[in-house]
Amino acid sequence: MKKSVLLFTLIFTILTLTSCTQRASSSDTTGSITIETYASITTQATSTEAETAPVYSTIETSDSSVTTTPESDSETTAVVETEISADYTITDYEAVMYAVASVNVRQFPDADSDRIGHLDKGESVNVTGIVSNGWYRIEFKNSEYFVNGRYLSDVYEEDEETTTVATTTVTTAATTITTTASAVTSATTTTASDEDVDIDDEVDVDEIVSQLGTSSYTALNYSTVKAVWFAYLDIDTMLAGATESEFTESISEAFAYVASLGCNTVYVHVRAFGDAYYYSSYYPFTSAYSGTIGDKPSYDPLEIMITEAHKLGLSFHAWVNPMRTTTKKNLEAMSSSYTLKQWYSSSSTNGTYLVYDSDTGYYWLSPAYSAVRELICAGIAEIVSNYDVDGIHIDDYFYPTTDESFDKLASSASGSSNLAQWRRDTVSQLVKEIYSTVKSCNSSVLFGVSPQGNLDNNLNKLYADVELWCSTTGYLDYIVPQIYYGYSGSLPFDTTAVQWEDIVTSSSVKLICGIAAYKVGTTTEWSSGSMLSKQTDHISSLSGYSGCAYYRYSSLVSGSSDTLLSGEIASLIKSLANY
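Position 567 of the sequence shown, counting from 1, maps to 588 under the working numbering, and the rest follow consecutively.
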């Protein structure tokens with residue numbers, strides 16, 4: 022009997038040690054890209070002590086470095102094994118994001134891996150990597166762990182009723198600016214320090230168009246818009262380290278899913294941080310591809326996205342953030358051939374044309390200067406002239422702060438005694454010039470803006486005079502207010518929707534309602550299982566609206582176990598079919 026017990030114990034021990042010492046390894050190379058790879062790793066936890074974070078090992082190959090997770094320590098008791106069964110690649114990335122709800126932080130990019138802690142709703146976090154399965158690597162507790170990308174956003178709403186813009190003090194360069202005219206030459210823009218700060222010094226759109234040309238493409242757009250936003254958060258996970266065939270397959274599947282919902286339009290990020298998701302002469306290629314800003318793939322993602330969208334009958338609007346640029350790290354790494362880098366490197370333009378905002382962690386362009394607006398418009402013209410886009414789309418990222426130091430030199434030089442109104446006029450000048458640029462390149466292409474749903478915030482914090490734009494021709498073709506609210510609080514969804522209906526008085530401006538798909542499941546009210554369809558049905562009953570748009574793609578994709586979102590999607594499909 023003792024021999025049998027000993028034999029059984031020996032066999033059990035050998036099997037346990039064998040299982041615990043398995044090492045999964047993988048290599049994934051794409052050109053000279055540096056990525057990290059997770060492949061079917063087995064993590065272990067004990068009932069007596071927490072598992073320690075793994076130490077990554079780096080394998081040098083002929084054209085890339087591949088990082089793999091090490092084998093787990095086998096010397097544990099009461100072992101509970103959790104297997105991460107998929108392969109993951111991680112591309113270095115840098116961004117500041119916010120948790121849209123309280124969300125767990127995991128040891129690995131998998132919901133079944135160990136919980137390290139959590140992020141509170143609204144908590145900011147530094148993102149350091151993009152995982153190919155939609156998760157993000159973040160800085161947490163002096164190390165790096167993972168969060169499901171569905172619960173991160175570059176948008177932070179302080180509460181259900183209002184989105185606030187933080188105030189910060191920004192140091193501006195102490196320099197005297199005199200006046201000269203700016204001009205477009207080839208693929209560069211004016212970098213001289215002596216730029217006119219008068220907003221009446223309009224950008225010469227005709228000169229920009231003469232340099233870049235026009236497009237004869239006839240844009241595809243719909244009278245009733247049913248749109249989905251594809252933020253950089255959605256695109257980056259598809260693009261990171263991807264080959265042309267991989268990216269094409271991913272975006273094609275995503276667009277096919279959107280079409281299956283009954284949608285007909287996509288608003289797709291093509292410039293989020295002073296970068297480009299296409300071949301540009303004005304902006305460096307996004308760092309989302311390889312982790313290095315300016316490193317281009319052998320294919321043009323924008324060209325692929327437009328082709329795949331049009332195959333499905335989807336209208337494609339190129340979404341641009343005109344004023345927000347990037348971090349100090351990316352600007353340092355950026356080629357000096359780009360205007361942004363030249364402005365960053367110059368003592369006369371760093372702090373005037375390009376201003377750092379410590380609250381967001383990014384440098385922002387100041388629209389007070391005609392050279393800045395010229396660069397923005399040239400970037401827009403480049404897209405409309407070279408690609409078959411159906412629209413140009415910008416969102417609510419205008420002024421990042423109410424602090425007067427952001428553009429103190431320019432406002433002082435303007436002679437205006439009303440800073441708020443001067444900023445509104447400056448932003449309106451930018452919007453009008455973008456509109457003119459779009460129409461000069463291709464009159465059939467639409468231009469639209471997606472401001473905050475809170476009218477007061479737009480006017481007094483972002484300095485976006487949306488009422489002017491919606492009542493006067495020559496500013497925009499459509500507006501998509503982000504009415505990201507429930508039915509309670511000081512800004513209920515239904516009341517806010519009517520407020521927007523009241524201010525859109527120009528017959529040339531189409532009103533589309535932005536709906537917060539990303540809020541599903543984040544509060545009790547947003548957990549009804551039918552909020553998206555309820556709000557869609559409400560908007561379809563209002564005669565002043567011409568459709569709805571849903572933020573964002575990843576928030577509409579349900580997993581097999583996500584019964585709440587699955588129910589929402591089923592109801593939404595019915596509502597869209599009836600709209």
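The beta-carbon is built from N, C-alpha and C at its ideal position, and this holds for glycine as well.
Collapsed DSSP secondary structure at residue i in the structure displayed
i, result
"Phe276", "helix"
"Val501", "coil"
"Thr112", "strand"
"Ser437", "coil"
"Lys460", "helix"
"Ser564", "coil"
"Phe268", "helix"
"Leu467", "strand"
"Gly495", "coil"
"Phe419", "coil"
"Tyr119", "strand"
"Tyr539", "helix"
"Ala485", "coil"
"Asn125", "strand"
"Phe514", "helix"
"Thr544", "coil"
"Arg292", "strand"
"Ala297", "strand"
"Lys247", "strand"
"Ser366", "helix"
"Ile105", "Note that Ile105 scores a pLDDT of 43, beneath 50, so its modelled location is shaky and nothing firm can be said."
"Thr286", "strand"
"Tyr320", "coil"
"Tyr310", "coil"
"Asn371", "strand"
"Ser302", "coil"
"Val525", "coil"
"Ile590", "helix"
"Lys595", "helix"
"Ser554", "helix"
"Phe29", "Residue confidence for Phe29 is low, a pLDDT of 48 falling below 50, so the modelled location carries little weight and cannot support an answer."
"Ala263", "coil"
"Tyr238", "coil"
"Arg573", "coil"
For residue i, the nearest candidate out of the options (CA to CA)
i, options, result
"Tyr390", "Ile397, Tyr384, Ala402 and Tyr374", "Tyr374"
"Ser562", "Ser548, Leu597 and Arg573", "Leu597"
"Ser579", "Asp135, Gln128, Gly155 and Ala399", "Gly155"
"Ser426", "Arg394, Ile397 and Asp378", "Asp378"
"Val315", "Ile111, Glu270 and Lys362", "For clarity, residue 315 is Gly in the given sequence; the question names Val instead. The shortest C-alpha separation from Gly315 is found at Lys362."
"Thr258", "Arg158, Ile325 and Ser336", "Arg158"
"Ser244", "Thr584, Ser511 and Leu467", "Leu467"
"Val117", "Asn125, Glu144, Gly507 and Leu396", "Glu144"
"Thr313", "Ile401, Ser461, Ser356 and Ser564", "Ser356"
"Ser554", "Ala132, Leu233, Leu577 and Ile594", "Ile594"
"Glu115", "Ile413, Gly382, Asn475 and Asp131", "Gly382"
"Tyr299", "Glu488, Asn479 and Gly400", "Gly400"
"Gly565", "Val525, Tyr539 and Thr584", "Val525"
"Leu430", "Asp498, Ile404, Phe419 and Val376", "Val376"
Length of the line joining the Cα atoms of residue i and residue j
i, j, result
"Asn481", "Arg445", "9 Å"
"Ile272", "Ala434", "47 Å"
"Tyr496", "Ile455", "8 Å"
"Cys569", "Val249", "9 Å"
"Ile198", "Ser387", "Reliability of the predicted coordinates at Ile198 is poor, the pLDDT of 35 falling under 50, and no value is obtained from them."
"Glu589", "Ser551", "5 Å"
"Phe276", "Tyr571", "14 Å"
"Glu274", "Ser567", "27 Å"
"Ser529", "Asp141", "43 Å"
"Ile56", "Ile111", "Because the pLDDT of Ile56 is 35, which lies under 50, any placement of that residue in the model is unreliable, and the question is left without a value."
"Pro513", "Gln520", "11 Å"
"Thr67", "Ser134", "In this prediction, Thr67 has a pLDDT of 36, which is less than 50 and means its spatial position is unreliable; what the coordinates show is noted afterwards. Approximately 13 Å, taken between the alpha carbons."
"Ser174", "Asn479", "20 Å"
"Phe631", "Ala309", "Outside the modelled stretch of the chain, which goes from 22 to 600, sits residue 631, for which no answer is possible."
"Gly412", "Ser164", "42 Å"
"Glu270", "Tyr320", "14 Å"
"Ala208", "Ala485", "Reliability of the predicted coordinates at Ala208 is poor, the pLDDT of 43 falling under 50, and the value obtained from them is presented with this limitation in mind. Cα-Cα distance, rounded: 30 Å."
"Glu228", "Ile404", "16 Å"
Any chain D beta carbon closer than 8 Å to residue i
i, result
"Gln556", "This model lacks chain D altogether, as it is built from one protein chain only."
Residue i Cβ short of 7 Å to the ligand ADP heavy atom set
i, result
"Ile314", "Ligands displayed in this structure: none; no statement on the ligand ADP is therefore possible."
query: Given 8 Å as the limit, is there contact between the region 436-447 and the region 364-374, that is, 3 or more CB pairs closer than that?
result: no
- request: At 3 residues or longer, and completely inside the region 136-169: list those beta strand (DSSP E) runs for me, N to C.
  value: 136-140, 145-152, 156-161 and 164-169
- request: Assess, as a yes-or-no matter, whether the region 497-512 is touched by the region 528-546 under the definition of 3 or more beta carbon pairs within less than 8 Å.
  value: yes
Inter-stretch contact (C-beta, 8 Å, three-pair minimum) for the region 288-307 and the region 250-262: yes
- request: Mind listing, in chain order, the continuous alpha helix (DSSP H) runs of no fewer than 4 residues lying wholly within the region 378-431?
  value: 391-407
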